[in-house]
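Below: one structure, written as structure tokens.
Protein chains in written order, with the numbering used here: chain A, 22 to 133; chain B, -11 to 102.
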């Protein structure tokens, strides 16, 4: 069964550094998403992406964040100048537009 | 704004018994979808079941079924014949028809006891 793949599974970085979280969506999907889950809290929507542009973003998704689809398979989330409060689980999801979003296993980001 | 509320932070059930997890939501949308996702200790998000708001019939997937009450904006999950592998966080989620912005509840931690 096709699945969404996220790398790395765990990323440790120093405060102020930039990180790139990578996702390979399901191959025939056209809609891509990033979510964040701070430990012990609910999953929060960050951004959705379609047709090579952001279609919707939340208040969390400020200028510190950016997304990109650099080639035909990867979908990345870049976090510039990381802060301690960016420590969270980051989930990528993809959809063919027919209601179901399929989630990856997540990347645990630890900012020290 | 759409909100999803799960009023039960934690629940437990004996193996083989039935448990119901509650979820309510608030929206002005008429077309939307509702989901239950399971998050085991591995923290992966696994889709359990989904319901289209325009369908009156409650969705069922094997041991999992929902009680969808559109007028009351209620969407509970029933797990029958609970198994140890059902132990996980369960998140109720809502997305409008355009499927752009999925909102999650705070989750219910379910423990199945042997």
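For glycine and all other residues, C-beta sits at the position ideal for the given N, C-alpha and C.
Quick check: the Cα distance between residue i and residue j, rounded to an integer number of angstroms?
i              : j              : result
residue 59(B)  : residue 20(B)  : 13 Å
residue 133(A) : residue 13(B)  : 36 Å
residue 71(A)  : residue 60(A)  : 28 Å
residue 10(B)  : residue -4(B)  : 7 Å
residue 36(A)  : residue 58(A)  : 19 Å
residue 39(B)  : residue 55(B)  : 10 Å
residue 131(A) : residue 108(A) : 5 Å
residue 78(B)  : residue 96(B)  : 5 Å
residue 76(A)  : residue 89(B)  : 10 Å
residue 91(A)  : residue 48(A)  : 15 Å
residue 122(A) : residue 38(A)  : 30 Å
residue -9(B)  : residue 93(A)  : 34 Å
residue 73(A)  : residue 81(A)  : 20 Å
residue 44(A)  : residue 24(A)  : 11 Å
Buried or exposed: where does residue i fall if 16 or more other Cβ atoms within 10 Å of its Cβ makes it buried?
i              : result
residue 101(B) : exposed
residue 4(B)   : exposed
residue 29(B)  : exposed
residue 42(B)  : exposed
residue 83(B)  : buried
residue 118(A) : exposed
residue 91(B)  : buried
From the DSSP output, in three-state form, read off residue i for me.
i              : result
residue 14(B)  : strand
residue 9(B)   : strand
residue -2(B)  : strand
residue 105(A) : helix
residue 60(A)  : coil
residue 72(B)  : helix
residue 3(B)   : coil
residue 66(B)  : strand
residue 43(A)  : strand
residue 114(A) : strand
Quick one: residues in its chain with C-beta nearer than 8 Å to the C-beta of residue i, no 5 flanking neighbours on either side, listed in chain order?
i              : result
residue 85(B)  : 17, 19, 20, 21
residue 53(B)  : 37, 46, 47, 65, 66, 68
residue 134(A) : As displayed, chain A neither begins before 22 nor continues past 133, which places residue 134(A) out of reach and without an answer.
residue 102(A) : 37, 38, 39, 85
Which residues in the same chain as residue i place their Cβ atom closer than 6 Å to its Cβ, once the five residues preceding and following it in sequence are excluded?
i              : result
residue 89(A)  : 97
residue 42(A)  : 98, 111, 128
residue 94(B)  : -6
residue 53(A)  : 46, 70, 96, 115
residue 109(B) : Lying outside -11 to 102, the shown extent of chain B, residue 109(B) is not represented and no answer is given.
residue 49(B)  : 37
Residue i lies in the beta strand (DSSP E); which residues open and close that run?
i              : result
residue 39(A)  : Counting along the chain, residue 39(A) falls outside any beta strand (DSSP E), and DSSP gives it neither H nor E.
residue 99(B)  : 96 to 101
residue 84(B)  : 76 to 84
residue 132(A) : 128 to 132
residue 98(A)  : 96 to 100
Once you ignore the five residues that flank residue i on each side, which residues in its own chain have a CB closer than 7 Å to its CB?
i              : result
residue 29(A)  : 128
residue 145(B) : Outside the displayed range of chain B (-11 to 102) lies residue 145(B), so it cannot be described from this structure.
I'd like to confirm something about residue i: is its beta-carbon nearer than 6 Å to some heavy atom of the ligand MN, or not?
i            : result
residue 3(B) : The ligand MN is not part of the structure shown, which contains no ligands of any sort.
- Item | Contact set between the stretch 57 to 81 of chain A and chain C, restricted to residues whose Cβ is under 7 Å from the partner | The displayed structure is made up of protein chains A and B, and chain C is not among them.
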